[in-house]
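One structure is given below, encoded as structure tokens.
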Amino acid sequence: MAFTDAEPDAGQWCSRQDCVDVLHALPTYLRNDEAELNRNIARATDYAKATLRSRWPDGWPFASPTPALREVVAIRATYACFRSRALPEELDWLRAEAEAADQFLADLAAGVAELEPIPNKTALPAVGVTPPPDWGKRRWGFVHAANGVRPT
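Per this note's numbering, the very first residue in the sequence shown carries number 299; after that it's consecutive.
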């Protein structure tokens, strides 16, 4: 095991590398204690699963968590590691990230947010229809360098 493991351990929804991506100094703050990070990843995964259980009561319907869920779990796990070691002003930015992650999970459970954009949904450009021009009122020809129009 290492802080650079990119694949989540069994049953977890983020990897240790995902957490280090959130806070690069995390190994230093944890004094290289991977076990503490693993415990917080497991807690964050359980929290996410419990929050989403209301929407998917029979279990997670996908083969693995999406990148958005991996990031949410990594933010929560990193916040849990960091909150006991930081000064309040150092913690503000991560607290805001954790609150946004919680809101995303709540919106996802309520069906307000989507995990990923649905590929079948395509934005159609707005089409403006203008009346056809009256070509009988137009002057045809080349524009002269002196801004005069020469008939053809």
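C-beta: ideal position from N, C-alpha, C; glycine also. Keep in mind that this is a model prediction, so the values were computed, not measured.
Residue i versus residue j: straight-line alpha-carbon distance, rounded
i, j, result
"residue 312", "residue 372", "6 Å"
"residue 357", "residue 302", "29 Å"
"residue 335", "residue 410", "31 Å"
"residue 379", "residue 328", "7 Å"
"residue 280", "residue 382", "Absent from the structure is residue 280, since the part of the chain shown begins at 299 and ends at 450."
"residue 401", "residue 330", "30 Å"
"residue 326", "residue 390", "19 Å"
"residue 307", "residue 387", "32 Å"
"residue 320", "residue 397", "14 Å"
Under 8 Å between C-beta atoms of residue i and residue j
i, j, result
"residue 404", "residue 375", "no"
"residue 352", "residue 407", "yes"
"residue 395", "residue 364", "no"
"residue 310", "residue 339", "yes"
Exercise. Curious, which full-length beta strand (DSSP E) runs of at least 3 residues does the stretch 319-395 contain?
Worked result: none
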